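*Asks:*
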Ligand code: PLP
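Numbering (full-length UniProt numbering), first residue to last: 1 to 457.
(1) Which value, in whole angstroms, describes the spacing of the CA atoms of residue 419 and residue 243?
(2) Give every residue of the same chain whose Cβ lies closer than 7 angstroms to the Cβ of residue 16, excluding the five residues on either side of it in the sequence, and list them in chain order.
(3) Who pairs with residue 146 in a beta bridge, going by DSSP?
(4) Measure the C-alpha to C-alpha separation of residue 178 and residue 7 and round it to an integer number of angstroms.
(5) Reducing DSSP to helix, strand and coil, say where residue 490 ends up.
(6) Provide the residue span of the alpha helix (DSSP H) that contains residue 454, from first to last.
(7) Taking the alpha-carbon of residue 224 as reference, which of 144, 348 and 353 has the nearest alpha-carbon?
(8) Any idea if residue 67 is buried or exposed, counting beta-carbon neighbours within 10 angstroms, 16 or more meaning buried?
(9) Going by DSSP, what residue range makes up the beta strand (DSSP E) through residue 421?
(10) Could you compute how far the alpha carbon of residue 364 sits from the alpha carbon of residue 201?
(11) Taking 6 angstroms as the limit between beta carbons, can you name the residues of its chain near residue 100, skipping five residues before and five after?
(12) Under 8 angstroms, do residue 381 and residue 305 count as touching if we go by C-beta distance?
(13) One question on the structure: do residue 53 and residue 417 come within less than 8 angstroms of each other, judged by their Cβ atoms?
(14) Who does residue 182 pair with in a DSSP beta bridge?
(15) Where residue 258 and residue 426 are concerned, what is the direct C-alpha to C-alpha distance, given to the nearest angstrom?
(16) Taking the alpha helix (DSSP H) that residue 406 falls in, what are its first and last residues?
(17) Could you compute how far the alpha carbon of residue 38 sits from the alpha carbon of residue 453?
(18) Can you tell me whether residue 155 sits near the ligand PLP, meaning its C-beta is under 7 angstroms from at least one heavy atom of the ligand?
(19) May I have a chain-ordered list of the alpha helix (DSSP H) segments no shorter than 4 residues that lie completely inside the region 185-267?
(20) If you drop the 5 nearest sequence neighbours on each side, which residues of the same chain put their C-beta closer than 7 angstroms to that of residue 266?
(21) Between which two residues does the beta strand (DSSP E) carrying residue 458 extend?
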């Protein structure tokens, strides 16, 4: 490899000297030191200390087919040899982007017939907002500008995507985030929001009614769109009741509010179906995808648009002044095609649905009695284990204790990467994990939880 051979400590020093990491407390990092990853294969990553770590998070919910697949390496290499770059601005296209757009239209819900490429999930959400604003302008309703998004949402880190996000720490004081165009509603979070005696179905409809309340408060003539993930990942693996989405769709239709569905994490098999939309029966007007589109091998995202939206942009809009140098980058598109080919030919989504997800759910159920456990929830291969100070009342731990962080460090020291979203421990294993590897993963989760309980006394 091109990198220099150096001791871990040297890497850490160099890392701290120059490299600003995303979502990182750099002062704290100085104390801990970065883990330096050097190799990945299947569900494992190795670091400079030679430690083999199970990736219980699929990187950041992206490495769905696992690390080190030669098919994707070959696709990137062949495409770079043939045509290393191609702009798509000035009446130019190339085969990989065309074929990928066609494939995505076939895989995604009915009616999403148009695809716009960019590199990240954040940018896909930016594209969606710009398309929506333009759509309403062209429809002669320029007043329809406001966007409704939810608490605990994560839609990315650009100024607008961070505004759509509903995670308090992202709303840096004085940074004008969130932008005033974004309005917030509570989310369908059964553990925190559902009245004790209320059946799940009824709660789903109640949570959907919060959208209707907000639309009426703002005035339907002012509301452009509702942005949401099918189930929320970074916000704490929050899974809505099945009744939630049909009710949301009805409300969007009733008030002519576009539904922009963020499938950046849930897409490409996470729920045991190709997209979360199929799991919940959602037909969005726009759909943003990323991450699992290339299994993280190269950066690529897409914003899919329905005929309803795209026809207006095309027929009434003329040139749409929006795009990125790397929109539809050839190697990224070639890798996405190879990734989809692997998922299809190996039946990874079927295997997840038939074998992995039932096992995942059965193993998760064993944690409901753990002394730290408030709630265990999952959809497909995404789970959240919410740790609480008091199981009877659901009282959260004092944030200063950093219980979730402690638990994930206990996991890492035992060879498992899993993440703390606040005090909710998140698991999102790759679709290629075996049942045996899943058992290994859960053994470490158990050990990390027990060690955390001992640490808390
Ligand atoms: N949307 C969702 C649901 C995400 O989880 C993320 C990233 O984690 C994003 C959007 C942003 O994607 P990116 O980090 O590629 O900009």
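Note that CB positions come from ideal geometry on N, CA and C, so glycine has one too. Only a predicted model underlies this, so the values are computations on that prediction, with no experimental measurement involved.
*Replies:* Taking the structure as given:
(1) 29 angstroms
(2) 29 and 30
(3) 223
(4) 42 angstroms
(5) Residue 490 is absent from the model: the chain starts at 1 and stops at 457.
(6) 435-456
(7) Closest option to residue 224, Cα to Cα, is 144.
(8) buried
(9) 419-421
(10) Cα to Cα, residue 364 sits roughly 23 angstroms from residue 201.
(11) Contacts found: 333, 336 and 337.
(12) no
(13) yes
(14) Paired residues: 147.
(15) 30 angstroms
(16) 403-413
(17) 32 angstroms
(18) yes
(19) 190-193, 200-218 and 244-254
(20) 229, 230, 231, 275 and 276
(21) In the structure as shown, the chain begins at 1 and stops at 457. Residue 458 is therefore absent and cannot be evaluated.
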